[in-house]
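Protein chains: 2
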Amino acid sequence: MRSLIKDVFLKYFKGDILKNLDDSAILENISEKCNISFTTDSYIVNPLVFLGGDIGKLSVCGTVNDISVTGASPLFMSCSIIVEEGLETSVLQKVTSSISKTAAQAGVEIVTGDFKVVEKGKADSLFINTSAIGISDKNIRLGKKRINIGDRVIINGYIGDHELAVLLARKEFNIQADIASDCAALNGLIGDILQKTGSIKFMRDPTRGGVATTLNEIVENSSFGIRLYEKEIPVSQQTKALCEMLGFDPLYLANEGKVIVICEKKSAEDILSIMKKHRYGKHSKIIGEVVKDPPGKVILNTVGGSYRVVEMLSGSQLPRIC
Amino acid sequence: MRSLIKDVFLKYFKGDILKNLDDSAILENISEKCNISFTTDSYIVNPLVFLGGDIGKLSVCGTVNDISVTGASPLFMSCSIIVEEGLETSVLQKVTSSISKTAAQAGVEIVTGDFKVVEKGKADSLFINTSAIGISDKNIRLGKKRINIGDRVIINGYIGDHELAVLLARKEFNIQADIASDCAALNGLIGDILQKTGSIKFMRDPTRGGVATTLNEIVENSSFGIRLYEKEIPVSQQTKALCEMLGFDPLYLANEGKVIVICEKKSAEDILSIMKKHRYGKHSKIIGEVVKDPPGKVILNTVGGSYRVVEMLSGSQLPRIC
Chain A
1 MRSLIKDVFL KYFKGDILKN LDDSAILENI SEKCNISFTT DSYIVNPLVF LGGDIGKLSV
61 CGTVNDISVT GASPLFMSCS IIVEEGLETS VLQKVTSSIS KTAAQAGVEI VTGDFKVVEK
121 GKADSLFINT SAIGISDKNI RLGKKRINIG DRVIINGYIG DHELAVLLAR KEFNIQADIA
181 SDCAALNGLI GDILQKTGSI KFMRDPTRGG VATTLNEIVE NSSFGIRLYE KEIPVSQQTK
241 ALCEMLGFDP LYLANEGKVI VICEKKSAED ILSIMKKHRY GKHSKIIGEV VKDPPGKVIL
301 NTVGGSYRVV EMLSGSQLPR IC
Chain B
323 MRSLIKDVFL KYFKGDILKN LDDSAILENI SEKCNISFTT DSYIVNPLVF LGGDIGKLSV
383 CGTVNDISVT GASPLFMSCS IIVEEGLETS VLQKVTSSIS KTAAQAGVEI VTGDFKVVEK
443 GKADSLFINT SAIGISDKNI RLGKKRINIG DRVIINGYIG DHELAVLLAR KEFNIQADIA
503 SDCAALNGLI GDILQKTGSI KFMRDPTRGG VATTLNEIVE NSSFGIRLYE KEIPVSQQTK
563 ALCEMLGFDP LYLANEGKVI VICEKKSAED ILSIMKKHRY GKHSKIIGEV VKDPPGKVIL
623 NTVGGSYRVV EMLSGSQLPR IC
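In order, the protein sequence lines correspond to chains A and B. For the first sequence, the positions run 1 to 322 when my numbering is used. For the second sequence, the positions run 323 to 644 when my numbering is used.
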C-alpha cells in the first residue's frame, strides 16, 4: 500500500522542488534576504495520548523539526483538525492546549487553521495537519551533496523511545515500562549548532523507520557509505531491555525528538559539546563516520567486534506511530 | 459541536494574526518586497467525486481561492493525504491526477507533501489537506475597515451550484438534475481585477454557508449594512427549480468558484466588465450595495417589491460538502 501510494504520488506530482522528497521544500525566490522552508505533515497517531506526549505536541514538534533540519527557523504554523463527531470535549481541549503550549515553547506562532467534523465512525477520534513556514540565511547550504568521506555522524541522544512509548500506550502487550516519547521541538538545539554552519553538511530527523532508514536514505545512490559504532549509539537501559524482549532493533524505531547531524570531522567535538549543553542533547554522541567503502551501504561495527550491513527496513512497520 | 470546537480553538490559539479568523494569514515581516499569505484547509467532501469536480480539484481550488481573496498570487502548495486502507488505486489515481492538473492550470506548484494510511474503518476513503503560500504587493490593502457606504457588491456568477452538485451525487433524493459544481481556481480572475487595486476594498469566497453567511460576517459589528437586490442575484434556472423543490435558499448554499468583491461605486462597472471577460466571470453581476441603515444587517430587496432581513444561517447545515 505504502509503495503503491508513493508511486501514484510521484507519477502525478513532478515539480522540481517536490521531487527531492525532502521533508521540507526550500523556496529561494520569494524573499531577497532569506530562503523560505515550507513543510506539511498529517498526524494520525493512535492512541492520542502516550507517555511523554500527545497528538497535539507531536504535530507541532514533528513539523518544527522538519523545518529546522533544513537550517531554517520555524516561525509560522497552520493547524487543521479533523474531528470525529462525538469526541469528548475534554480530549479536544487537552490536545488543543498541548498544541498551543508546544508552539509557544518553540517560539512558533499558529496563524491560520481549519476545523472539520465528520460523522461518527468516519474518522478515528482526531487527525491533525500542521504546515509551517521557516526562514533561513541564504548562506546556509545543507544537502547530501556536501557530505564528504571522513565527516562525522552525530545524534542528540537515546533512540527508539517514541515508537516504544506509543506501543506501550496501546496496552497490547501487557508490559509495564516507563518509556516516554522523546517528542521535542529541536529548533533551539539546531539553532545553537548552526553557529557552526560551515561545518554542518546535512541534518535529518530520524522519525518513521528510525536511524537505520534515515542513514540508508542518505547513502542511497551515493559514492560513500556510513560506518556506525554500536557501542556509541545511545540507547537507554529500559529501551534496550524492551527491544530484547520484543525482538525489536532500536535502530529501526521511530524518534520524534532526534536529529542526525553530519559535519566535518574537525568540528565534530565542538558541535557535540554545544549539543550536550542543550536540554535535548544531554546524551549526544558521535555514532559514526562517512566512509569510502562500501559505497551506498550503512555498516554497523558491533559491540562484539564483528560488523553487519544495516539494511533499509523491509516488511511492515507498526502503523500509526505519528 | 461546531461552535464548541470554535470555542475551544479560540480559547487556546490567541495569536494576533489568527484572531482575525480570516481564511488566510498575512505575514508582513518575512520579505521586504512582498507580503506573504498563508492558508490551510482540510477537505472531507462526501462523495469523493461529483459533477464538476472531485475532492482533488476541490482541495486545490479552495486553497487557491483562500489565498487569492487576500489579494495575493498563490505560488506554492503542500498536499497531505490521509488514505483509508483498502482504497482502490484507481480512485487514488483519479484524485491525485486531478490535484496535479488543477494545480498546473492554476499555475501553482505542489512543493511538499505527506501520505498517511489508517486502517480500514478509521477514515472515510480519503481526506486531503492543502496549505499554500502566496505573495502580494505591499501596497495592496484589503479589509473590512476599508469598506464605505455606497460601495458596490459584485459576484462572479451563479450561486449555490457546488452544494447542490454534492447533494445530488449522494443520490439520497432520487432526483435527476445536471447541476455541476462551480469548483474553480479564481486566481486568474482576481488577478485581472486587481489592476483596479485601489478601488477594491474587500474580497471573500462564499463557501460554507453561502453568500448570506459571508455577507453577514462582513456586516457583523460594523457601522454599515448591505442591501441586496434579489433580481440581480445570479441563480441558474436548474438551481432555482431544485431549491424550490427541496425548500433551500440559494443564498445559503456553498460555492467553490465564487468571489464576492466589494469595491468603490465609481469603478464597479469597470470591474464588472473585466470579470465578465473571464471564463469564470461570464455571469457576473452587481448584486447589492453598502448602506448606512440598518447597520450590521443584510437586507434583501425581493423580486416582489418587499424586503426581508437575510440572517446568518442558524441550525444545522449539510455536512461534508467541502
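Just so it is clear, CB atoms sit at the ideal spot from N, CA and C, and this is done for glycine as well.
Examine chain B for any beta-carbon lying closer than 8 angstroms to the beta-carbon of residue i, and answer yes or no.
i        : result
A:Leu164 : no
A:Phe9   : yes
A:Phe76  : yes
A:Gly191 : no
A:Ala25  : yes
A:Ile36  : yes
A:Ser80  : yes
A:Asp124 : yes
Kindly examine the ligand MG and report whether one of its heavy atoms sits closer than 7 angstroms to the Cβ of residue i.
i        : result
A:His283 : Absence of the ligand MG is noted for the structure shown, with no ligands found whatsoever.
With 8 angstroms as the threshold, decide whether the Cβ of residue i is near any Cβ in chain A.
i        : result
B:Arg449 : What sits at residue 449 of chain B in the sequence shown is Phe, not Arg. Yes, contact with chain A.
B:Glu354 : yes
B:Asp376 : no
B:Phe335 : yes
B:Ser503 : no
B:Asp527 : no
B:Leu489 : no
B:Leu340 : yes
Bridge partners of residue i, per DSSP?
i        : result
A:Glu289 : A:Arg152, A:Arg227
B:Ala347 : B:Phe360
A:Asp178 : Per DSSP, none; premise fails for A:Asp178.
B:Ile621 : B:Arg549, B:Val631
B:Lys438 : B:Ile404
B:Ser395 : B:Ile457
B:Met525 : B:Val583
B:Tyr365 : B:Ile450
A:Thr54  : Going by the sequence as given, residue 54 of chain A is Asp instead of Thr. Looking at the DSSP assignment, A:Asp54 forms a beta bridge with A:Val49.
B:Glu431 : B:Phe398
B:Ala445 : A:Ala123
Are the Cβ atoms of residue i and residue j separated by less than 8 angstroms?
i        : j        : result
B:Asp473 : B:Lys336 : no
B:Ser381 : B:Ile421 : yes
A:Asp114 : A:Cys34  : no
A:Thr214 : A:Ile260 : yes
B:Gly482 : B:Pro572 : yes
B:Lys580 : B:Ile477 : yes
A:Met77  : A:Ala25  : no
A:Gly225 : A:Gly296 : yes
A:Asp124 : A:Glu84  : yes
A:Gly62  : A:Thr207 : yes
B:Val475 : B:Leu448 : no
A:Thr102 : A:Ala185 : yes
B:Ile522 : B:Leu594 : no
A:Ile233 : A:Lys282 : no
A:Lys116 : A:Gly86  : no
A:Ile190 : A:Ser68  : yes
A:Arg227 : A:Val291 : yes
B:Glu350 : B:Leu397 : no
A:Asn255 : A:Asp182 : yes
B:Val364 : A:Ser80  : Looking at the sequence shown, residue 364 of chain B is not Val but Ser. For B:Ser364 and A:Ser80, yes; Cβs fall inside 8 angstroms.
A:Ile44  : B:Val440 : yes
A:Asn216 : A:Val298 : yes
Since I believe residue j is in contact with residue i (beta carbons under 8 angstroms), could you give me their beta-carbon distance rounded to a whole number of angstroms?
i        : j        : result
A:Ile147 : A:Phe202 : 6 angstroms
B:Val488 : B:Ile643 : 5 angstroms
A:Tyr307 : A:Ser236 : About 24 angstroms; that fails the 8 angstroms criterion.
B:Tyr551 : B:Asn496 : With a Cβ gap of about 35 angstroms, B:Tyr551 and B:Asn496 do not count as contacting.
B:Lys562 : B:Val625 : Not a contact, Cβ separation roughly 11 angstroms.
A:Asp66  : A:Asp16  : With 8 angstroms as the limit, A:Asp66 and A:Asp16 do not qualify as a contact, their Cβ atoms being about 19 angstroms apart.
B:Val386 : B:Asn509 : 5 angstroms
A:Thr89  : B:Val330 : 7 angstroms
Which residues, in chain order, does the segment 127-146 of chain A contribute to contact with chain B at a C-beta distance below 8 angstroms? For the segment 127-146 of chain A, the residues whose beta carbon sits under 8 angstroms from a beta carbon of chain B are, in order, Phe127, Asn129, Ser131, Ile133, Ile135.
Cβ-based contacts, 8 angstroms cut-off: residues of the segment 266-279 of chain A near chain B: none
Can you list, in chain order, the residues of the segment 529-548 of chain B whose Cβ is nearer than 7 angstroms to any Cβ on chain A? none
Determine which residues of the segment 89-122 of chain A have a Cβ less than 8 angstroms from any Cβ of chain B, and write them out in chain order. Thr89, Leu92, Gln93, Thr96, Ser97, Ile99, Ser100, Glu109, Ile110, Val111, Thr112, Gly113, Asp114, Phe115, Lys116, Val117, Val118, Glu119, Gly121, Lys122
To be precise: take each residue of the segment 287-321 of chain A, compare its Cβ to all Cβ atoms of chain B, and keep it if any distance is under 8 angstroms. Which residues remain? Pro319, Arg320
Proximal residues, the segment 38-70 of chain A versus chain B, C-beta separation under 7 angstroms: Correct list: Phe38, Thr39, Thr40, Asp41, Ser42, Ile44.
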